[in-house]
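Reading the sequence shown from the start, the letters are residues 123 to 593 in our numbering.
Glycine is no exception: its CB is placed at the ideal position from the N, C-alpha and C atoms.
Predicted model only: the values in this text are computed from it and were never measured.
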Amino acid sequence: MKKLIVIILSILFCSHVNAQFKGRTPVGRIVPIKEIKVDDNLPTITLLEPEIIDGKELSVSEKMITVRGVVKPAEINKIMVNNISAVLLGNGEFYSNYTLNFGKNILSIKVFDDNGNITEKSIAISWTPDLTGPVIKIIDPPVTRGIKAVSKSDVILLKGEAYDESGVSEVLINERKAILKPTGEFTINLFLQPGDNQLIIRAMDSKSNVTIDTFFVSRKLESIIAAGKYIALIIGINSYEGYWSPLVNAVNDAKAFSEILENEYMFDTVITLIDKDATRNNIIHELELLTSNVKGNDNVLIYYSGHGQYKKELNKGYWVPVDAKSNSIADFISNNEVKTFMGGIPSKHTLLISDACFAGDIFRGRSTESVPFNPNNLERYYREVYSKTSRVALTSGGLEEVMDAGKEGHSIFSYYLIKALKENNKKLLDAGQLFNDFRIAVSNNSEQTPLLQVIRDTGDEGGQFIFVRRN
123 MKKLIVIILS ILFCSHVNAQ FKGRTPVGRI VPIKEIKVDD NLPTITLLEP EIIDGKELSV
183 SEKMITVRGV VKPAEINKIM VNNISAVLLG NGEFYSNYTL NFGKNILSIK VFDDNGNITE
243 KSIAISWTPD LTGPVIKIID PPVTRGIKAV SKSDVILLKG EAYDESGVSE VLINERKAIL
303 KPTGEFTINL FLQPGDNQLI IRAMDSKSNV TIDTFFVSRK LESIIAAGKY IALIIGINSY
363 EGYWSPLVNA VNDAKAFSEI LENEYMFDTV ITLIDKDATR NNIIHELELL TSNVKGNDNV
423 LIYYSGHGQY KKELNKGYWV PVDAKSNSIA DFISNNEVKT FMGGIPSKHT LLISDACFAG
483 DIFRGRSTES VPFNPNNLER YYREVYSKTS RVALTSGGLE EVMDAGKEGH SIFSYYLIKA
543 LKENNKKLLD AGQLFNDFRI AVSNNSEQTP LLQVIRDTGD EGGQFIFVRR N
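Encoded structure:
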């Protein structure tokens, strides 16, 4: 029954449609069209170079690239890469050298076969030029950015690495060519001057990109000096009695001088004899200990600030200990005795600094000379003056009275002496440089003339006592 109803309805619908579109083509009628034949032998492109994932963009640093691939079947007429003919190699292989523009490049590869069929493949390549030079790293001596490497040797073998993806073509250090391995490792022998040595490293890659970096290797000047111990004997006396009037600044001078040696310079031992301790017996005792305990590579500094006396009838100058109550030489220490100790102390260098009246009496005979200071070759200079024994005295005056009064609680001589040591910014400072730094100030502000001379007949060979500043 249901079948019969469906058939009847279908007949009625078709009759209705035929009546409605009488004389015209009905909507539901299929009209034949021309058949399109699909060619199953269209060329296929296999890209060998550059290696790129379909649908992905490739980023390169080279401006020119090679597009290389294989087409199958091999019966092709021509291949175009962005409308530029590629080179056909046979067996369907082809290549094309293509110059990229900055940024994103769309490369269209079109293959035309002998039947007029066309196959097209597109790839996206982004070119960002390599403008970065090699990365430079110092291996030996170890260098941390912003911190100087330190060497005790005057010649070092500098080792490093220079890395760049395109390869490193050259490494120069201070305009000298380093030995460069294919791996980027480089080496060079360098001579170091004392102090800070600036190393300018210039590395170039195969694309002529350059990196310039600067490092510092510091050669310690004090390494030139195979110094033993630094020992100081400091004597300062204010509290005189009897014939001798008290002084005002001598103790301040001795204490301030002692402090700067201990805190700012490389002194291992500082012995002080202040006021009541600075007796004749104690002073002689300490000088005797120096003669028996000091080693041949040690450096000794003796500083005396107190009264001085000169006996014209004896043609001799003297130190006046704290326990000297009269003007008798029986209580004094003569410059001849001091000179004897200067020759007897077995140090490499001994420097006497005397801030007392008539201190210059310790210099007898004609003036002597030492090695002249040479700022243009500090290493050679310090080697030479350290290697030679020295026995030198720096005095506040000659055969004259000197001032106890001065500036800021110090004698004029000790004030400028201490000031020069405080303001010194050099690692090494010899006694001659120290003297030149303050002698004019003393002369211009007093009636006394400081002296620096060798103490004759004590074994001096022309060397210099060298102050070494702490870091």
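Quick one: what's got a C-beta closer than 7 Å to residue i's C-beta in the same chain, skipping five residues either side?
i: T188; result: E171, Y217 and N219
i: K159; result: At K159, the pLDDT of 41 sits below 50, so the modelled position is not reliable; the number obtained from the coordinates is stated separately. Correct list: empty, nothing qualifies.
i: Y285; result: P256, V257 and G306
i: G531; result: N371 and N374
i: R561; result: P572
Rounded to a whole number of angstroms, what is the C-alpha to C-alpha distance between residue i and residue j?
i: F587; j: G317; result: 20 Å
i: T254; j: N331; result: 6 Å
i: I295; j: E287; result: 21 Å
i: E242; j: S207; result: 14 Å
i: P634; j: N415; result: Only positions 123 to 593 of the chain appear in the structure, and residue 634 is not among them; the question remains open.
i: I175; j: F313; result: 54 Å
i: K510; j: K549; result: 20 Å
i: F224; j: K329; result: 17 Å
i: Y503; j: G554; result: 12 Å
i: I247; j: V203; result: 13 Å
i: K200; j: G238; result: 10 Å
i: W519; j: V564; result: In the sequence under discussion, the amino acid at residue 519 is Gly, which differs from the Trp named in the question. Taking the straight line joining both Cα atoms gives about 10 Å.
i: I178; j: L302; result: For clarity, residue 178 is Lys in the given sequence; the question names Ile instead. So the alpha carbons of these two residues sit roughly 38 Å apart.
i: L574; j: S476; result: 11 Å
i: L180; j: I167; result: 18 Å
i: V460; j: T517; result: 13 Å
i: R190; j: T333; result: 34 Å
i: L539; j: R298; result: 45 Å
i: N547; j: N385; result: 14 Å
i: I451; j: V576; result: 25 Å
i: I405; j: L500; result: 37 Å
i: P251; j: L551; result: 54 Å
i: S568; j: F495; result: 27 Å
Could you give the C-beta distance for residue i and residue j, rounded to a whole number, given that I count them as a contact under 8 Å?
i: T305; j: K281; result: Not a contact, Cβ separation roughly 12 Å.
i: G350; j: N437; result: The Cβ separation is near 37 Å, so there is no contact.
i: R592; j: Y352; result: About 11 Å; that fails the 8 Å criterion.
i: G358; j: I396; result: 5 Å
i: K232; j: I245; result: That pair is no contact at about 12 Å.
i: D327; j: V290; result: 6 Å
i: G465; j: T580; result: 4 Å
i: S90; j: A378; result: Nothing can be reported for residue 90, as the shown portion of the chain is limited to 123 through 593.
Going by DSSP in three states, residue i sits in which element: helix, strand or coil?
i: Q575; result: strand
i: Y537; result: helix
i: L369; result: coil
i: R324; result: strand
i: Q555; result: helix
i: A542; result: helix
i: N374; result: helix
i: N421; result: strand
i: G581; result: coil
i: A452; result: helix
i: D477; result: strand
i: F495; result: coil
i: S361; result: coil
i: R341; result: strand
i: R513; result: strand
i: R561; result: helix
i: K434; result: coil
i: K548; result: coil
i: F379; result: helix
So, for residue i: in the same chain, excluding its five sequence neighbours on each side, which residues have a beta-carbon less than 8 Å away from its beta-carbon?
i: A354; result: S380, L383, F389, T391, V392, I393, V422, L423, I424 and Y425
i: R402; result: P443, D445, A446, D453, F454 and I455
i: P195; result: N163, P165, G214 and D235
i: E583; result: K510, T511 and S512
i: L210; result: I198, K200, I201 and F216
At what residues does the alpha helix (DSSP H) containing residue i begin and finish?
i: E569; result: That residue, E569, is in no alpha helix (DSSP H); it is neither H nor E in DSSP.
i: N458; result: N457 to G466
i: H407; result: R402 to N415
i: S509; result: L500 to S509
Excluding sequence positions up to five away, which residues of its chain have a Cβ less than 6 Å from the Cβ of residue i?
i: I594; result: Lying outside 123 to 593, the shown extent of the chain, residue 594 is not represented and no answer is given.
i: A300; result: V293, F308 and I310
i: D559; result: A542
i: N449; result: Y365
i: V193; result: P165, I167, G214 and V233
i: R488; result: Low local confidence applies: a pLDDT of 45 at R488 is under 50, so the model's placement there is unreliable, with the coordinate-based value given in what follows. Closer than 6 Å at Cβ, skipping near neighbours: no residue.
Return the first residue and the last residue of the beta strand (DSSP E) that residue i is part of.
i: R212; result: According to the sequence shown, residue 212 is Gly rather than Arg. V209 to G212 is the extent of the beta strand (DSSP E) around G212.
i: K281; result: V277 to Y285
i: Y220; result: E215 to T221
i: M388; result: Careful: M388 lies outside any beta strand (DSSP E) and carries neither H nor E.
i: G225; result: G225 to D235
i: K438; result: K438 to W441
i: A446; result: Here A446 belongs to no beta strand (DSSP E), and DSSP marks it neither H nor E.
i: R190; result: M186 to K194
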